[in-house]
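Sequential numbering of the sequence shown, starting at 501, is according to our numbering. First the structure, in the form of structure tokens, and then the observations on it.
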Amino acid sequence: MRDKPDYYAQLAKKEGYPARSVYKLQEIQQKFSVIPLQGKILDIGAAPGSWTMYVLKLLKGRGSVTAVDLQPLHPDIKSDNLLFFQGDAFSKEFTAIAEENGPYNTVISDAAPSTTGNRTVDTGRSGALAAKVIETAQQLLVPEGDVVIKIFQGGDEQELLSTVKKYFTRAKLFKPKASRKESFEIFLIGKGKK
Ligand SMILES: C[S@@+](CC[C@H](N)C(=O)[O-])C[C@H]1O[C@@H](n2cnc3c(N)ncnc32)[C@H](O)[C@@H]1O
Numbered sequence: 501m502r503d504k505p506d507y508y509a510q511l512a513k514k515e516g517y518p519a520r521s522v523y524k525l526q527e528i529q530q531k532f533s534v535i536p537l538q539g540k541i542l543d544i545g546a547a548p549g550s551w552t553m554y555v556l557k558l559l560k561g562r563g564s565v566t567a568v569d570l571q572p573l574h575p576d577i578k579s580d581n582l583l584f585f586q587g588d589a590f591s592k593e594f595t596a597i598a599e600e601n602g603p604y605n606t607v608i609s610d611a612a613p614s615t616t617g618n619r620t621v622d623t624g625r626s627g628a629l630a631a632k633v634i635e636t637a638q639q640l641l642v643p644e645g646d647v648v649i650k651i652f653q654g655g656d657e658q659e660l661l662s663t664v665k666k667y668f669t670r671a672k673l674f675k676p677k678a679s680r681k682e683s684f685e686i687f688l689i690g691k692g693k694k
């Protein structure tokens, strides 16, 4: 049970981010430098938009973000450098948009399935989403591009890690400090698409 907003939730509120998840990407960026400062970034599962907002701030108008989610972004997130599509990231419609705007320097995905409470079902769905993100990254990243993918632990994360190792120079599973201790999420980082 979570009755009190934690440190990261309070910080997000203070800094104007719609979700505390921003600090996970910030930590990943500090450790792995996944967002080049003039990059073209594809943000999958972007709503309510704290990762998108963070990336736009880093880019300072020099690159662009293509973002997609089934849900809308927070209405305050607007930028000339942002293209947002509301819908399924793996639909034909969005795939065409993503292809037209690519290739990308980085694909970031915090996408999560709607959870059932059944860990086997939930990790299975998360793994299936992650596999689709890896496929998208292979198709739409520039050579040397990077990928960040959220997955739920306890499913096929080792297999997914092996797949990323095959297509990227470096691959690692990483649990940011900002990720809640009770959460079974972990991030798969792929650096340098071969
Ligand atoms: C944890 S939230 C992302 C939070 C976001 N990174 C932020 O910082 O504000 C996960 C999101 O994944 C989205 N999602 C799950 N499956 C998706 C799909 N197939 N296509 C697009 N978005 C999807 C959900 O709608 C949800 O908004």
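Yeah, the Cβ is synthetic: ideal placement off N, Cα and C, and Gly gets one too. Quantities reported herein were computed from a predicted structural model and do not represent experimental measurements.
- Distances taken from the Cβ of Leu570 to the heavy atoms of ligand 1 include one shorter than 8 Å.
- Judged by DSSP in its simplified three-state form, Arg670 adopts strand.
- Per DSSP, the continuous beta strand (DSSP E) segment holding Tyr604 begins and ends at Tyr604 to Ser609.
- Runs of the alpha helix (DSSP H) lying entirely within the region 588-649, each at least 4 residues long, are 592-601 and 619-640 in chain order.
- In the three-state scheme derived from DSSP, where H, G and I count as helix and E and B as strand, Ile535 is classed as coil.
- Its chain contains Val607, Ala637 and Gly690 as the residues whose beta carbon lies nearer than 6 Å to that of Val647, once the 5 sequence neighbours on both sides are disregarded; these appear in chain order.
- Taking C-beta atoms as the reference points, Leu583 and Ser564 count as a pair closer than 9 Å.
- At the C-beta level, Gly655 and Gly627 come within 9 Å of one another.
- Assignment of Glu659 by DSSP, reduced to helix, strand and coil, places it in the helix class.
- By the CB criterion at 9 Å, Phe585 and Ala567 fall inside the cutoff.
- The beta carbon of Arg670 is closer than 7 Å to those of Lys691 and Gly692 in its chain, skipping five residues each way along the sequence.
- By alpha-carbon distance to Arg619, the top candidate from Leu661, Val534 and Phe684 is Phe684.
- Put simply, of Val633, Val642, Glu682 and Arg680 the residue whose alpha carbon is nearest the alpha carbon of Val664 is Val633.
- If you draw a straight line from the Cα of Leu525 to the Cα of Asp622, it comes to about 22 Å.
- Under the 10 Å beta carbon count, Tyr507 is surrounded by fewer than 16 other beta carbons and is classified as exposed.
- If you draw a straight line from the Cα of Lys514 to the Cα of Leu688, it is about 28 Å long.
- In this structure, Tyr667 lies near Lys694, with their beta-carbon atoms less than 9 Å apart.
- About 4 Å separates the CB atoms of Gly549 and Ile577; that is less than 8 Å, so the two are in contact.
- DSSP places Ala509 in the uninterrupted alpha helix (DSSP H) bounded by Tyr507 to Glu515.
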